[in-house]
Amino acid sequence: MRKLTLTALLLALLLAAGGTYLLYEKLRVEVFFKPEYPRLGLKSRVHLEVKPSFSVPFGEVEVFVRQGNASAVLYEGPIAPFAETLIFEPKKAGFRDGEAEVVGVVRLPFKEERIFYQKVVVDLTPPTLEVVRKPRYLKVGEPGVLTLKSSEELLRAQIRFGEAVFPLLEVEGGTYKTVVTVPLFALEEPQSFYAEAVDAAGNEVRKFVPLPVRLVKFRTVKVEFDRQTLQELLLKFFNSVEDPAAQFRIVNEEFRREDQRTLVRLAQNSTDRLLAKGAFKQLPGSAVTARYGDHRLYYFEGKKIGESYHGGLDLAKYRHAPVVAANDGRVVFAGRLKIYGNAVVIDHGFGVLTLYGHLLDYSVKVGQTVKKGEVIGRTDTTGFALGDHLHFATLVWGYAANPIYFFDGNYLKYHFYEPLR
Ligand SMILES: [Zn+2]
């Protein structure tokens, strides 16, 4: 078994690094041919290296790719060290889809020797993507499932909506699914959905997804800070307060962006198994003190110092009330965020995560699985929070969706669970 693995490893190394041959006893010339993608596509970046044990002034190395009568020279020059990343366009050289070979030759007076040989697959056909199932339209904050079929195996596939990326997960050969939403930023900059994919040869496809977006008018909430309150809030983030308005902007803009990036990053490892079951559970006995989409305008001393769209629900109960998991899942974060303070993030699969913010503490660890209703921590005011409450968010690949859809078992049944099956 061990020996087999070693042989396989050696073979793999040989394929990746090319052969080493002896010439005139002492001279060894190595060739390394490393394409960016496993196959050669329309425009292939290839790292090519020629490594002789010593330079020879009277000899020559040639590395070329050939397929039938077509051939293209990648390197032709002296027996001297060479390393470069080249762009090779097989179509321009007359290549077609199918196998080709890379050959390295050393020429010395009265002697020619093949020192490198590698088979490659040329794939000049970009993948095609077909949307086979989608919602009729999506409102801002509404989650939806997209199903796509690809003409070939893909290296990467995703749905893009402006800066938001929703990775597509392969559920069976050639069928890809994911959950998307219309993030709140769509209210400021309207966008459209696109499907993007890359095949094993690096050939790309980008296709418009006819999924119309319905903008929603959320309420506007004016938040007026008095000096005392703003000072206390800022002292959670800074050692001292010199310029409340400027420091507030750092918290509201920079720290908010930082948390957003963290949530997107956490979502990238979401499992392709659906862990959630049935409706998501709102914190029992809690009162909603802020809603999804609330457009908050912050004022200090009569001047507007910032704004934000609220990406979740604020749920108030009593001081240090226990917080429970909204659904079955796996803890992917239990630590400190900027805006959200002490926080727990749970992965429910297919890019759906829940965030619990402003916690006093947490009783779960990263990697731990939790059940719906299981206590995970206690409410508090950590981060950007004035009173004791839970900031609860349902995230789709890191972007806040409206939790009301996730509390609705009937909605989920037809628009979430069924299309994901
Ligand atoms: Zn909140």
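In this text, residue positions in the sequence shown follow my numbering: the first is 659, and each later residue adds one. Just so it is clear, CB atoms sit at the ideal spot from N, CA and C, and this is done for glycine as well.
Within 8 Å, strictly: CB atoms of residue 1006 and residue 934: For the purposes of this step, residue 1006 is identified with residue 348 of the sequence shown, where counting begins at 1. For the purposes of this step, residue 934 is identified with residue 276 of the sequence shown, where counting begins at 1. Cβ atoms of residue 1006 and residue 934: closer than 8 Å.
Residue closest to residue 802, alpha-carbon to alpha-carbon, out of 824, 986 and 810: Counting from 1 along the sequence shown, the entry for residue 802 is found at position 144. Of the listed residues, the one whose Cα sits closest to residue 802 is 824.
Nonlocal neighbours in the same chain, by C-beta distance under 7 Å from residue 1077, ignoring five residues either side: Numbered from 1 along the sequence shown, position 419 holds the residue referred to as residue 1077. Hits under 7 Å: 791, 803 and 805.
Cβ-based neighbour list, residue 956, same chain, cut-off 6 Å, excluding 5 preceding and 5 following: In the sequence shown, residue 956 corresponds to position 298, counting from 1. Excluding residues within five positions, the ones whose Cβ falls inside 6 Å are 881, 963 and 964.
Neighbour-count burial assignment, residue 944, 16 or more Cβ in a 10 Å radius: Sequence index remark: in the sequence shown, residue 944 carries index 286 (1-based). By the 10 Å Cβ count, residue 944 comes out buried.
Residue 719 versus 706, 728, 1075 and 1034, residue with shortest Cα-Cα distance: Your numbering for residue 719 matches position 61 in the sequence shown. The option with the nearest alpha carbon to residue 719 is 706.
Limits of the beta strand (DSSP E) - the one that residue 1014 falls within: The residue you call residue 1014 lines up with position 356 of the sequence shown. Here the beta strand (DSSP E) through residue 1014 covers 1010 to 1020.
Classification of residue 1037 by the beta-carbon crowding that lies within 10 angstroms, buried from 16 upward: In the sequence shown, the residue the question calls residue 1037 occupies position 379. Residue 1037 should be labelled buried.
Same chain only: Cβ atoms within 7 Å of residue 818, ignoring 5 sequence neighbours per side: Working through the sequence shown from its first residue, we reach residue 818 at position 160. 852 and 854, listed in sequence order.
Contact under 8 Å by Cβ, residue 652 with residue 1011: In the structure displayed, the chain extends from 659 to 1079; residue 652 sits before or after that span and is not available.
Counted within 10 angstroms of its Cβ, other Cβ atoms place residue 898 as buried (16 or more) or exposed: Position 240 of the sequence shown, counted from the first residue, corresponds to residue 898. Classification of residue 898: exposed, given that the 10 Å Cβ count is below 16.
Nearest-residue set for ligand 1, Cβ under 5 Å from any heavy atom: My final list is 972 and 1049.
CA-to-CA distance, residue 829 to residue 909, given in whole angstroms: Counting from 1 along the sequence shown, the entry for residue 909 is found at position 251. Counting from 1 along the sequence shown, the entry for residue 829 is found at position 171. Those two C-alpha atoms are separated by around 40 Å.
Burial state of residue 969 (16 or more Cβ within 10 Å): Position 311 of the sequence shown, counted from the start, is the residue given in the question as residue 969. Buried, by the Cβ-count rule.
Cα-Cα separation between residue 1060 and residue 951, rounded to whole angstroms: Here residue 1060 refers to the residue found at position 402 of the sequence shown. Here residue 951 refers to the residue found at position 293 of the sequence shown. Going from the Cα of residue 1060 to the Cα of residue 951 covers about 8 Å.
Residue 727 classed as buried or exposed, judged by whether at least 16 other C-beta atoms fall within 10 angstroms: Position 69 of the sequence shown, counting from 1, holds the residue named residue 727. Flag for residue 727 reads exposed.
Ranges of the beta strand (DSSP E) found wholly within the region 753 to 791, counting only runs of at least 3: 756 to 766, 769 to 780 and 787 to 791
In DSSP terms, what residue 988 is bridged to: As a first step, residue 988 is located in the sequence shown; it is residue number 330 there, counting from the start. 1005 and 1027, per the DSSP bridge assignment.
Among 985, 904 and 827, nearest to residue 813 - alpha-carbon criterion: The residue given as residue 813 occupies position 155 in the sequence shown. Residue 813 has its Cα closest to that of 827, out of 985, 904 and 827.
Residues that DSSP places opposite residue 933 in a beta bridge: Residue mapping note: residue 933 aligns to position 275 of the sequence shown, counting from 1. DSSP output for residue 933 lists no bridge partner at all.
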